Amino acid sequence: MGTLDYYAAIARMAPGALAKSAVRRVQGVARQALYRRREQVDEAQLLESFGATSAEALVSLALDHRSSRAWCEVSQRESVRAAIAKLPGAKQRTQARAAQALAQAWNVFGTPVSFGEGRPVDWSLDPLSGKRYPVEPVESLRLLVKGMDPKYPWVMGRLDSLVALAQGAWVTNSPVGRSRLATAFVAQTLDFLQANPVGMGVHWTCPMEIALRAANLAQALAMFADAPEVRRPEFLVPVLGALTEHSAWVEAHLEDHGAVPNNHLVSNYVGLAVVGLLFPELPGAPRQVALAVNGLRAQMDAQVHPEGTSFEGSIPYHRLAVELFTLAWVVARGAGVSLGPAYEARLRLMYVASRAWSSEQGLAPQVGDNDSGRVFPFQERDEREQGYLSGLGAALFNDAGLSGGVFPDEAAWLLGNAGIARFVALPVAPAPVSMSFPVGGFHTLRGAGAVLTVSAGKQGQRGVGGHSHNDKLSFELHVDGCPVIVDPGTGSYTRDPALRNAMRSTAAHNTLQVDGEEQAPMDPARLFALPEDARARVVAFEPGARHDRLVVRHDGYRRLASPVGIERTFLLDRHVRALAVGDRLIGTGRHDVVGRLHLPDGQARWCEPDAAVLARAQRVPEGPGSFEARAVEIGPAKAPVGWVLLEQGLETSLVPSQYSPGYGRVVPSVSVEFRRQQTPPARLGWVFVFR
């Protein structure tokens, strides 16, 4: 797709977006021009903004006279400590994270890197390639360099390690231990600020990262407010200046210039809100808070559908959006600022959606991109995990419909003892049921230990498709809480464009591919765009007492010389404990049709199904009339999780594949392939029988 075609597609899918984008670009140029003419904040300006007559007085005014009651305030510490003490292992998890931060060690998308306590950090390092980004003005810095990925240094530069140090200090009883952690906070903060001057290097290239770094620094500073090591003017003055500069940069470089602003803009507003609400005396803070509050309200409406799903077209990005909007809401509430009942109501529905598609083990399907992004730096989580959100949502909203799970560490930190009291008082909610989210394009069937999530809807970001894949009518299946048939994930973004495009291609998903073509054309040069050509939608969603039935359709192959439409039916039979999937082709011509079932590992083998398994497969409504003599047994050889029985007449094989359980990590796996030449109207299908 050429540039003109791309913009034509944007204009078609998001009417008016280009015109609005042009206006925002002009506004952005004006903001940046004003920013360039300003002087960096100095000590005199800080003293004036806080009404202080000396740097020593500034310390007291900034750290003692705290009007906020946000989770990170020292006034909330005992409540949080009490909550943490009630959660098995929570204190130990906190101490482990603090020890890692003390050692200045990070696990960067599976690549470990450590610099040692008190030593300088190589902040510009891409630890996977071993190369460094130069510390030069961002206007001249080449961010996209072959073989490098800025997301790797950004992990370190987001400074959630500072929050981990503060968490450790909060749960530590030893004065010596607290002093050591506070000293590390001071040293790491100053090391970063000195190594990364304003506007210089990789850590000033992305306003989203700048905003979230500022939010983490502000929260950690509030947590350490009574630490003697922090209450020194030679530390506090430059740190308050840095928070001012971070906010000024974000305000001047808001990421609203795209045709359809996305989670980056939300992050900008979250950073401005957190910094400005925690330190309202900072220069520009009142204006920035007002900007952020209005922006957050608008983006909640624009980026979250009324049903509660994120508009990103990605379930992992839904988790990121939940955490972003929640952090802003919790800090604003603690500061006495309301984001409004509409914001709160839609945020609650985001938690409902996460609960709907999370398995019994708390894992969510990888529909769409997964860059492992999070905002809450409270506990290490699997990149696919969303189950913890139910307990947090239940305590946040005092909502019995979200209760019944585990009260997570995140809730203990954000809500303290009052949160755990609300949570334990709630009645246990019924188990999640099958749900369809037609606007977001996600549809979940549940029962018999299975959670099946199907992708069938419009491309995300109002048709831009920045984090969408060619995965229409594809699905992910979890059995007994574990992924069994999977979306292969994301792998990489800019470091490896070929891998990026391969992982979002039709062939990488559990759907049909016709004549080797993509459901929607992919421009190899546009790694964050995917046009709305498939027009996937739901034909029928029919949950029932014995079985659930979902019928979905897409038209991505109607652009072929001999057009073909595809309709897929899923039938989850709770009584038989089996899933039947049937595809119907409608159109003309003769076509090569290939279907794939991607597995998370290599544990699969051909077998002859025993009579009981075959009998169960034959009992499932809408399954094939006859099956191949051999089936695919999935899972460990001595404890398989199930069997795939394929319709007779299909050419079948097990082929090498790859699976990315989180950003930057790709492991070998296998996929089941089945193919046949078909002349529509035609049908083909298979059944998965659970163990």
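Numbering-wise (UniProt numbering), the sequence shown opens with residue 1 and increments by one. Built from N, CA and C at the ideal position, the CB exists for glycine as well. Given the structure is predicted, the values throughout are model-derived calculations rather than measurements.
- Boundaries of the beta strand (DSSP E) harbouring Leu646: 642-646, taken from the DSSP string.
- Taking 7 Å as the cut-off, the Cβ atoms of Glu229 and Ala182 count as close.
- Annotation: Arg590 to Pro680 spans about 7 Å, alpha carbon to alpha carbon.
- Residue pairing by DSSP places Cys607 opposite Ala631 in a beta bridge.
- Around Trp204, the same chain offers Val138, Asn196, Val198, Ile210, Trp249 as residues with beta carbons nearer than 8 Å, after the five sequence neighbours per side are excluded.
- Its chain contains Asp191, Ala195 as the residues whose beta carbon lies nearer than 8 Å to that of Pro120, once the 5 sequence neighbours on both sides are disregarded; these appear in chain order.
- The region 380-400 makes no contact with the region 58-71: fewer than 3 CB pairs, one atom from each, lie closer than 8 Å.
- CA-to-CA, the gap between Ala578 and Asp548 works out to about 11 Å.
- By the neighbour-count criterion, in which 16 or more other beta carbons inside 10 Å mark a residue as buried, Ser492 falls on the buried side.
- Sequence-distant partners of Arg158 (beyond 5 residues in either direction) whose C-beta falls short of 7 Å from its own C-beta, in its chain, are Glu209, Leu212, Arg213, Asn216.
- Ser49 and Pro283 have their C-alpha atoms roughly 6 Å apart.
- The bridge partners DSSP lists for Asn107 are Pro112.
- The beta carbons of Ala682 and Leu585 sit about 5 Å from each other, so the pair counts as a contact at 8 Å.
- From the listed residues Leu125, Val108, Leu102, Ser124, the smallest Cα separation to Gly116 is found for Leu102.
- Counting only the Cα atoms, Arg535 lies some 35 Å from Phe376.
- In the structure shown, the three-state DSSP call for His246 is helix.
- Under the three-state reduction of DSSP output, Pro233 falls in the helix class.
- In the structure shown, Val406 falls within a coil segment according to DSSP collapsed to helix, strand and coil.
- The Cβ atoms of Pro563 and Gly595 lie no closer than 7 Å to each other.
- Ala252 is positioned such that its CB atom lies closer than 7 Å to that of Arg31.
- Distance from the CA atom of Glu532 to the CA atom of Ala259, rounded to whole angstroms, is 15 Å.
- In the structure shown, the three-state DSSP call for Lys472 is coil.
- About 18 Å separates the CB atoms of Phe688 and Val655; that is not less than 8 Å, and the two are not in contact.
- Among the bridge pairs identified by DSSP, Arg537 is matched with Arg553.
- In this structure, Ser657 sits near His598, with a CB-CB distance shorter than 7 Å.
- As computed with DSSP, Leu512 is found in a beta bridge with Gly595.
- Distances from the CA of Gly28 to each of Pro207, Leu63, Glu73 were compared; the closest alpha carbon is that of Pro207.
- A distance below 8 Å between beta-carbons, with the five flanking residues on each side excluded, links Val80 to the following residues of its chain, in chain order: Trp71, Trp170, Ala412, Trp413, Gly416, Asn417.
- Looking only at Ile84, Tyr35, Asp555, Ser314, the smallest Cα-Cα distance to Glu517 is reached by Asp555.
- Per DSSP, reduced to three states, the secondary structure at Pro283 is coil, with no helix or strand assignment.
- In the structure shown, the three-state DSSP call for Phe423 is helix.
- Setting aside the 5 residues that flank it on each side, Glu136 is surrounded in the same chain by Met200, Gly201, each with a C-beta closer than 8 Å to its C-beta; the list follows chain order.
- By the Cβ criterion, the region 339-358 is in contact with the region 304-324, since at least three pairs of Cβ atoms, one from each stretch, lie closer than 8 Å.
- Ala99 has its alpha-carbon roughly 8 Å from the corresponding atom of Gly168.
- Cβ contact annotation for Glu673 (same chain, cutoff 6 Å, sequence separation greater than five): Arg596, Ser653, Val655, in chain order.
- For Ala540, same chain residues with a beta-carbon under 8 Å away, outside a window of 5 residues either side, are Arg549, Leu550, Val551 in chain order.
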